[in-house]
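K.L.:
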Amino acid sequence: MALDQLSDVVQRCQTVKDESFSPEDYDLFTAAGRTCIEQGDSAQVLSILVDEKNQNIVRCMGWNLLGPLVKILLKKEDETLPHCHAILLHLLEVCSPKELLVGLLEQVEEADSGSIAEMITLLLKPLQTVLLRLGMKKASSVGMALSTLLAQVSRLPVPVTAEQEEDDVFGLCRCCSALLQFVKPFVEEIKEVVKDNNRLSKDNELRVELLKFCMKSLSEPLLEVQLKDTDTLQRSPLRDFATEILIILSDIGESLPDLLSRNVLRRRKVPGFLEEEVRYPKESLACMSHLLFVDHIAVDIFPAVFSPIFVLQCNMEYIELLLSRTEEYRLQKGLELYEKSLARVEENSLPVDLLELKTFFSVPQNLVKVMTLCPDQTLRTKGLKVFQLSIDKFNTEAKYKFFRGMLKTSHHAGVEGYIIKNIKNQIDFSLKPGNSNDWFLGKHLLPLLRLVLCLPLGPETDLLQNLDRIMESLNLLRYMLIRDKEWDNETGIWTELYKIEDNYLKPMRTGLNMSKAHYEAELRSTKENRKMSLKEAKASVCSVTVGNEKLPNMTPETQIQVLQSALFTFDLIESVLARIEEIIEAKDRPQS
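Counting in my numbering, the sequence shown runs from 409 upward without gaps.
1) Is it buried or exposed for proline 1034, if we count other Cβ within 10 angstroms and need 16 for buried?
2) Report the start-end ranges of each alpha helix (DSSP H) in the segment 527–579 that is 4 residues or longer and not cut off at the edges.
3) Would you call the segment 629–636 in contact with the segment 645–661, where contact means no fewer than 3 C-beta pairs closer than 8 Å?
4) Could you compute how far the alpha carbon of leucine 693 sits from the alpha carbon of leucine 668?
5) Cutting at 6 Å between CB atoms, please list the residues of its own chain near aspartate 659, excluding the five before and the five after it.
6) Tell me the residue span of the alpha helix (DSSP H) that contains isoleucine 878.
7) Is it right to say asparagine 638 is buried, meaning 16 or more other beta carbons lie within 10 angstroms of its own, or is it exposed?
8) Quick test of your reading: leucine 889 and isoleucine 991, contact by CB under 8 Å. State the CB separation rounded to the nearest angstrom.
9) Does the separation of the CB atoms of aspartate 896 and glycine 825 fall below 8 Å?
10) If distances are taken between C-alpha atoms only, which option among His491, Tyr808, Trp847 and Val538 comes closest to leucine 512?
11) Could you have a look at methionine 724 and say whether DSSP puts it in helix, strand or coil?
12) Are arginine 886 and leucine 856 closer than 8 Å when you measure CB to CB?
13) Could you tell me which whole alpha helix (DSSP H) segments of length 4 or greater appear in the segment 452–487?
14) For methionine 940, which beta-bridge partners are listed by DSSP?
15) Does the count of Cβ pairs from the segment 776–795 and the segment 694–704 closer than 8 Å reach three?
16) Report all residues from its chain with a CB closer than 6 Å to the CB of arginine 738; omit the five preceding and five following residues, and keep chain order.
17) Note down, in chain order, each residue of its chain lying with its Cβ closer than 6 Å to the Cβ of glutamate 507, except the 5 sequence neighbours on either side.
18) Provide the residue(s) that pair with phenylalanine 795 in DSSP beta bridges, ordered along the chain.
19) Can you tell me whether histidine 819 is buried or exposed? The criterion is at least 16 other CB atoms within 10 Å of its CB, across all chains shown.
20) Considering only the beta carbon of each residue, do leucine 557 and leucine 587 sit closer than 8 Å?
21) Across which residues does DSSP place leucine 758 in a beta bridge pair?
22) Just tell me which of Ser625, Leu871 and Leu542 has its CA closest to the CA of valine 561.
23) Does any CB atom of chain C fall closer than 8 Å to the CB of valine 502?
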């Protein structure tokens, strides 16, 4: 029935002149042709389509048969497969390339998540054939095709382990490898232009579309991919894909060093940059930088002409971007890029001027968030390691100003405690012979100590919440009073001591006594309530408030443990405080 309908519409259309087919002709041809293919009559459809008398009809209407053809070809086991292949090849040769392009891309867009990889690997070669038929007018069509393909590829899950990459269950690796073959003739065309003219216009349309493809590939999927080294995976399709993307960038006239330093140049207000900024998404450049300096991809085409400090400065915007996100793969790449960028810099060499740059302020703030808020323990530990590495790279003045800035802005007792520990290390270093400096001794040190040796709310300060900071501050003070003798007073601590007593130690003692009294009273009350509840044989629950925050309901036994733990903490604070008070009393005691 359908075959008869197809034959009838084709015979009628043979008599139509100038290809003036009616909408009804299109509908009948499409419906009958699709039904024939779906019913297994592909051999008969092929004979009709290749008939010389029908070529005008095929040229105008044939592309409408792409849908059923693709469905059969995706099955791979259908007995009509050879005939369907032959029909597709004939359509690619005869039909309008623009209509074929639209039809093929429709098939790609409509693929469900389970068939994306199969659809893309099936249609890339036909798409390439169609685009090459467009000749010199293909640039925008190439861009449309690449955009559609990458949008679908970005939906595929990214393999995490080496085994997953080898198995390639979801097909991302196959798609990436196929995409490289797909763009090859277009890249070669641009390379020929470069070779013939020795110069290539930045506005060459095909070059721009290939640039967009590379930038998009860097942001998706490569930014999410954790590449495996050759020891882990000898042949890695994703590593090959990353390598080829960077090579393509170079082939189409993009200088990798220029791309790396693009944001630095922008800050210097190089004319014409802003007009092109949209072509170079920062996220894509961040991925490129990670590929270069962490994965060591395409290092042979990246000349080592930049100083380590300049490379760090270039990478800081990319590090800031990566660390400002919450996705663990971005945080990991940000930490890795920061670590590798810092590793190339000599210790104590970063000048204080860098702290005037926005990124040298924002990146440590983002690192603090990673160290304190990231749910992944490995990333938190890595964040702390990189944070310390960044401190080690600053020169003495930069360390001083960095510490001062962090004490004013971090608002986290653990981080402030860590900074104070670093200040103690710098003072210890400065007190050793030959290491004297103006920043961690004498007049510059005292303002920093005033930031360290203070209670934000005086005696009312929550000692438990600020424990890390308080313990490090007291340890620092005790160390300085023991290490820097009064008659030397290199740090100036003895001159400042009376202020420290009034503004820090006495409020600390008052706050400590108040806190202990409060918690001891709570402990007595809880124990009494517990005895009463036991007498009444009730499994009661109660709540406790610590640091102005109400904790979840807990049994009396648990509450007692919490209160005892707090009192133990107060004892730790008091033990250090008492030793400091003993040193001061010994100083004030008359000599016999």
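All residues carry an ideal CB built from backbone N, CA and C; glycine is no exception.
Note that this is a predicted model, so its numbers are computed, not measured.
P.N.:
So, from the listed chains and residues:
1) The question about residue 1034 has no answer, for the chain in this structure spans 409 to 1000.
2) 547–561 and 570–575
3) yes
4) Residue 693 sits at position 285 when you count from the first residue of the sequence shown. Residue 668 sits at position 260 when you count from the first residue of the sequence shown. Looking at the two C-alpha atoms, the distance is approximately 7 Å.
5) For the purposes of this step, residue 659 is identified with residue 251 of the sequence shown, where counting begins at 1. Taken in chain order, the residues that qualify are Val595 and Lys599.
6) Along the sequence shown, one-based indexing puts residue 878 at 470. That run of the alpha helix (DSSP H) goes 875–891.
7) For this step, residue 638 is matched to residue 230 along the sequence shown. The sequence shown places threonine at residue 638, not asparagine. Exposed.
8) The sequence position of residue 889 within the sequence shown is 481, counting from 1. The sequence position of residue 991 within the sequence shown is 583, counting from 1. That pair is a contact at about 5 Å.
9) Stepping through the sequence shown from its first residue, residue 896 is reached at position 488. Stepping through the sequence shown from its first residue, residue 825 is reached at position 417. It is not a contact, given that the beta carbons lie outside the stated cut-off.
10) The count along the sequence shown starts at 1 and reaches residue 512 at position 104. Nearest C-alpha to leucine 512: Val538.
11) What you label residue 724 is simply residue 316 of the sequence shown in a count that begins at 1. In this structure, methionine 724 counts as helix in the three-state DSSP scheme.
12) Taking the first residue of the sequence shown as position 1, residue 886 is located at position 478. Taking the first residue of the sequence shown as position 1, residue 856 is located at position 448. No, the Cβ-Cβ distance between arginine 886 and leucine 856 is not below 8 Å.
13) 463–469 and 474–483
14) As a first step, residue 940 must be located in the sequence shown, where it is residue number 532. None; methionine 940 has no bridge partner.
15) no
16) In the sequence shown, the residue the question calls residue 738 occupies position 330. Closer than 6 Å at the Cβ level, and outside the excluded window around arginine 738, lie Leu730.
17) For the purposes of this step, residue 507 is taken as the residue at position 99 of the sequence shown. Contacts found: Trp471.
18) On the sequence shown, position 387 is the one that residue 795 refers to. Answer by DSSP bridge pairing: none, since phenylalanine 795 is not bridged.
19) Along the sequence shown, one-based indexing puts residue 819 at 411. By the 10 Å Cβ count, histidine 819 comes out exposed.
20) Stepping through the sequence shown from its first residue, residue 557 is reached at position 149. Stepping through the sequence shown from its first residue, residue 587 is reached at position 179. In this structure, leucine 587 lies closer than 8 Å to leucine 557 by Cβ.
21) Mapped onto the sequence shown, residue 758 falls at position 350. According to DSSP, which records beta bridges pairwise, leucine 758 is partnered with Phe802.
22) Mapped onto the sequence shown, residue 561 falls at position 153. Of Ser625, Leu871 and Leu542, the residue nearest in Cα terms is Ser625.
23) The structure shown contains no chain C, having only a single protein chain.
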